[in-house]
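Colleague: Got a structure for you, written out below as structure tokens; questions coming shortly.
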Amino acid sequence: MTAKYCYNYTRFDEDSTVGHKASYIFRLFYLSSKISWPFMGEYYTNCPVLPTAFKLDLTFHKVPLNGSVNISYTLERKDFKNRPVDAFVSIQISDSNGRVIFQPSNSFGRQKMISGETTRGNITGVITLPELRHAFNEQIDARIDLSIFFCHSGPINREVNMNTNENSTPGSKNVT
Numbered sequence: 001m002t003a004k005y006c007y008n009y010t011r012f013d014e015d016s017t018v019g020h021k022a023s024y025i026f027r028l029f030y031l032s033s034k035i036s037w038p039f040m041g042e043y044y045t046n047c048p049v050l051p052t053a054f055k056l057d058l059t060f061h062k063v064p065l066n067g068s069v070n071i072s073y074t075l076e077r078k079d080f081k082n083r084p085v086d087a088f089v090s091i092q093i094s095d096s097n098g099r100v101i102f103q104p105s106n107s108f109g110r111q112k113m114i115s116g117e118t119t120r121g122n123i124t125g126v127i128t129l130p131e132l133r134h135a136f137n138e139q140i141d142a143r144i145d146l147s148i149f150f151c152h153s154g155p156i157n158r159e160v161n162m163n164t165n166e167n168s169t170p171g172s173k174n175v176t
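Quick note: the sequence shown uses the UniProt record's numbering, first residue 1, plus one each step.
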């Protein structure tokens, strides 16, 4: 049986003075009846200074009776720009009541990631309480944050004031 990717998610994009972030939020049902469950997200920053593109693959694995959590990941930079950026992913998994049941202490990714580069690995941990293991295998809400840093420094200025008048507003950019 071929695994299917999750396409039923909500994504929120955020631009800041230090970079960009895409937050994927989705719900997984009945992981206990599956060996694994894949997720794939693509993110294009549309940064006016250094637009970048990333592909993120995650595979959630069923939690066995010993409580060991294993989520495998691949993060790939897909654009053709020649400047490195920092790219990191953090994960938070909650039960249907919003109680956090798994949140790795570290994010994963890479500093100075260049075009075409890929990083792979596994996020592991242990869920000790049986009711939390049960929740992980029955219904979980996942939040995945993909953050990109050092594509620009300072605020993003998406507008240029075309006012060439000497009496222009302070702080506006004059273009001649």
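Note that the Cβ used here is the ideal one computed from N, Cα and C, for glycine as well.
Remember, predicted model here, so these are calculated numbers, not experimental data.
Looking at ASN142: is its Cβ nearer than 8 Å to the Cβ of PHE26?
Modeller: Strictly speaking, residue 142 in this sequence is Ala, with Asn absent from that position. Going by C-beta atoms, ALA142 is nearer than 8 Å to PHE26.
Colleague: Between the C-alpha atoms of ASP13 and ARG133, what's the straight-line distance to the nearest angstrom?
Modeller: Roughly 31 Å between the two C-alpha positions.
Colleague: Closer than 8 Å is the cut-off here; do at least three beta carbon pairs connect the segment 15-25 with the segment 115-129?
Modeller: The segment 15-25 is not in contact with the segment 115-129.
Colleague: Using the rule of at least 16 other Cβ atoms within 10 Å of the residue's Cβ for burial, across every protein chain shown, is ASN106 buried or exposed?
Modeller: Exposed, by the Cβ-count rule.
Colleague: I need the straight-line Cα distance from ASN82 to TYR30, nearest angstrom please.
Modeller: Roughly 43 Å between the two C-alpha positions.
Colleague: Counting along the chain, where does the alpha helix (DSSP H) carrying PHE136 start and finish?
Modeller: Where PHE136 is concerned, the enclosing alpha helix (DSSP H) stretches over 130-138.
Colleague: Can you find the residues in the same chain that come closer than 8 Å, C-beta to C-beta, to ILE35, ignoring five residues on each side of it along the sequence?
Modeller: The answer, listed in chain order, is HIS61, LYS62.
Colleague: Where does ARG77 land, buried or exposed, given buried means 16+ other C-beta within 10 angstroms?
Modeller: With 16 or more Cβ atoms within 10 Å of its Cβ, ARG77 is classed as buried.
Colleague: Whole-angstrom Cβ separation of SER94 and VAL100, contact assumed at under 8 Å?
Modeller: Right, their Cβ atoms sit about 5 Å apart.
Colleague: Could you pull out every residue in the same chain whose Cβ sits closer than 7 Å to the Cβ of PRO130, ignoring the five residues on either side in sequence?
Modeller: Closer than 7 Å at the Cβ level, and outside the excluded window around PRO130, lies no residue.
Colleague: Let me check one thing: in DSSP terms, what residues is HIS20 bridge-paired to?
Modeller: Paired residue(s): ASP15, ILE148.
Colleague: Out of curiosity, what's the CA-to-CA distance linking THR45 and GLN111?
Modeller: One C-alpha to the other measures close to 17 Å.
Colleague: With a threshold of 16 other CB atoms inside 10 Å of the CB of LEU65, please say whether the residue is buried or exposed.
Modeller: With fewer than 16 Cβ atoms within 10 Å of its Cβ, LEU65 is classed as exposed.
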